[in-house]
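In this note's numbering, the protein residues as written are 0 to 117.
Have a look at this one:
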(Lines of atoms letter the chains of each structure in order from A and count residues from 1; the text may use other names and numbers.)
(Lines give C-alpha, C1' and ligand atoms only; values in the text may rest on other atoms or scores of the structure.)
Protein backbone atom coordinates (compact mmCIF):
# COMPACT_ATOMS: atom_id res chain seq x y z
CA UNK A 1 0.00 0.00 0.00
CA UNK A 2 1.33 3.42 -0.88
CA UNK A 3 2.06 5.81 1.98
CA UNK A 4 -0.51 8.36 0.84
CA UNK A 5 -3.13 5.65 0.60
CA UNK A 6 -2.40 4.67 4.20
CA UNK A 7 -3.04 8.25 5.29
CA UNK A 8 -6.31 8.27 3.38
CA UNK A 9 -7.44 5.01 5.01
CA UNK A 10 -6.39 6.15 8.49
CA UNK A 11 -8.47 9.30 8.17
CA UNK A 12 -11.49 7.32 7.03
CA UNK A 13 -11.01 4.89 9.92
CA UNK A 14 -10.99 7.77 12.43
CA UNK A 15 -14.22 9.15 10.97
CA UNK A 16 -15.89 5.75 11.16
CA UNK A 17 -14.83 5.34 14.80
CA UNK A 18 -16.18 8.78 15.67
CA UNK A 19 -19.57 8.02 14.21
CA UNK A 20 -19.70 4.52 15.78
CA UNK A 21 -20.50 2.89 12.45
CA UNK A 22 -19.87 -0.68 11.47
CA UNK A 23 -16.58 -1.92 10.01
CA UNK A 24 -18.50 -3.16 6.98
CA UNK A 25 -18.75 0.51 5.99
CA UNK A 26 -14.98 0.78 6.20
CA UNK A 27 -14.63 -2.31 3.99
CA UNK A 28 -16.82 -0.68 1.33
CA UNK A 29 -14.83 2.53 1.64
CA UNK A 30 -11.56 0.65 1.34
CA UNK A 31 -12.66 -1.11 -1.85
CA UNK A 32 -13.87 2.12 -3.40
CA UNK A 33 -10.76 4.14 -2.62
CA UNK A 34 -8.25 1.43 -3.44
CA UNK A 35 -9.70 1.47 -6.95
CA UNK A 36 -9.52 5.26 -6.96
CA UNK A 37 -5.91 5.12 -5.79
CA UNK A 38 -4.94 2.79 -8.64
CA UNK A 39 -6.56 4.92 -11.33
CA UNK A 40 -6.03 8.38 -9.81
CA UNK A 41 -3.60 10.93 -11.17
CA UNK A 42 -0.41 11.99 -9.43
CA UNK A 43 -1.86 15.41 -8.76
CA UNK A 44 -4.78 13.88 -6.83
CA UNK A 45 -2.47 11.63 -4.82
CA UNK A 46 0.10 14.35 -4.07
CA UNK A 47 -1.85 15.73 -1.10
CA UNK A 48 -1.92 12.36 0.64
CA UNK A 49 1.72 11.59 -0.17
CA UNK A 50 2.66 14.93 1.37
CA UNK A 51 0.71 14.05 4.54
CA UNK A 52 2.44 10.66 4.67
CA UNK A 53 5.86 12.30 4.49
CA UNK A 54 4.89 14.68 7.30
CA UNK A 55 3.73 11.69 9.40
CA UNK A 56 7.04 9.93 8.76
CA UNK A 57 9.04 12.96 9.89
CA UNK A 58 6.90 13.21 13.02
CA UNK A 59 7.33 9.48 13.76
CA UNK A 60 11.10 9.61 13.32
CA UNK A 61 11.31 12.64 15.61
CA UNK A 62 9.48 10.73 18.35
CA UNK A 63 11.61 7.59 18.02
CA UNK A 64 14.87 7.40 19.98
CA UNK A 65 18.06 7.07 17.97
CA UNK A 66 18.66 3.54 16.83
CA UNK A 67 21.94 2.00 17.85
CA UNK A 68 23.90 -0.36 15.67
CA UNK A 69 24.32 -3.88 16.93
CA UNK A 70 27.80 -4.63 18.23
CA UNK A 71 29.61 -6.84 15.78
CA UNK A 72 31.62 -9.81 16.98
CA UNK A 73 35.30 -9.69 16.24
CA UNK A 74 36.09 -12.60 13.89
CA UNK A 75 39.73 -12.55 15.03
CA UNK A 76 38.90 -12.88 18.73
CA UNK A 77 40.30 -16.04 20.29
CA UNK A 78 38.17 -16.09 23.44
CA UNK A 79 36.70 -19.48 24.23
CA UNK A 80 34.94 -20.76 27.30
CA UNK A 81 37.03 -22.55 29.85
CA UNK A 82 36.65 -26.29 29.77
CA UNK A 83 34.98 -28.06 32.65
CA UNK A 84 36.82 -30.61 34.76
CA UNK A 85 35.12 -33.49 32.94
CA UNK A 86 36.35 -32.33 29.53
CA UNK A 87 39.85 -31.79 30.85
CA UNK A 88 39.71 -35.34 32.24
CA UNK A 89 38.39 -36.74 28.91
CA UNK A 90 41.21 -35.24 26.84
CA UNK A 91 43.66 -37.88 28.11
CA UNK A 92 41.78 -41.25 28.05
CA UNK A 93 39.59 -40.58 24.98
CA UNK A 94 42.34 -41.20 22.37
CA UNK A 95 43.36 -44.35 24.24
CA UNK A 96 39.80 -45.73 24.17
CA UNK A 97 39.34 -45.01 20.46
CA UNK A 98 42.72 -46.55 19.57
CA UNK A 99 42.05 -49.78 21.51
CA UNK A 100 38.50 -50.10 20.09
CA UNK A 101 38.69 -48.85 16.48
CA UNK A 102 35.02 -49.39 15.50
CA UNK A 103 33.45 -48.05 18.70
CA UNK A 104 30.57 -45.56 18.45
CA UNK A 105 30.83 -42.06 19.90
CA UNK A 106 28.05 -42.77 22.41
CA UNK A 107 29.86 -45.85 23.70
CA UNK A 108 33.07 -43.84 24.13
CA UNK A 109 31.10 -41.28 26.15
CA UNK A 110 29.63 -44.04 28.34
CA UNK A 111 33.08 -45.44 29.08
CA UNK A 112 34.43 -41.99 29.87
CA UNK A 113 31.46 -41.37 32.17
CA UNK A 114 32.11 -44.63 34.01
CA UNK A 115 35.78 -43.71 34.42
CA UNK A 116 34.83 -40.24 35.68
CA UNK A 117 32.46 -41.68 38.30
CA UNK A 118 35.11 -44.04 39.74
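Here a beta-carbon is modelled for each residue, glycine too, at the ideal position from N, C-alpha and C.
| Asked | Found |
| --- | --- |
| Using the beta-carbon count (16 or more within 10 Å), is residue 80 buried or exposed? | exposed |
| Just the C-alpha distance for residue 143 and residue 78, rounded to the nearest angstrom, thanks. | Residue 143 cannot be examined here, being either before or after the span of the chain that is shown, 0 to 117. |
| Give me the Cα-Cα distance between residue 57 and residue 36, rounded to the nearest whole angstrom. | 24 Å |
| What's the C-alpha gap between residue 38 and residue 65? | 38 Å |
| From residue 67 to residue 52, what distance separates their C-alpha atoms? | 25 Å |
| For the alpha helix (DSSP H) that contains residue 43, what are its first and last residues? | 41–61 |
| Could you work out which residue in 83, 74, 6, 105 is closest to residue 49 when comparing CA atoms only? | 6 |
| Could you tell me if residue 147 is buried or exposed, where buried requires 16 or more neighbouring beta carbons within 10 angstroms of its beta carbon? | Since the first and last residues shown for the chain are 0 and 117, residue 147 lies out of range. |
| Three-state secondary structure (DSSP) at residue 80? | coil |
| Could you name the residues of the same chain whose beta carbon sits closer than 7 Å to that of residue 88, not counting the 5 residues immediately before and after it, in chain order? | 111 |
| Quick check on residue 85: buried or exposed, where buried means 16 or more other Cβ atoms within 10 Å of its Cβ? | exposed |
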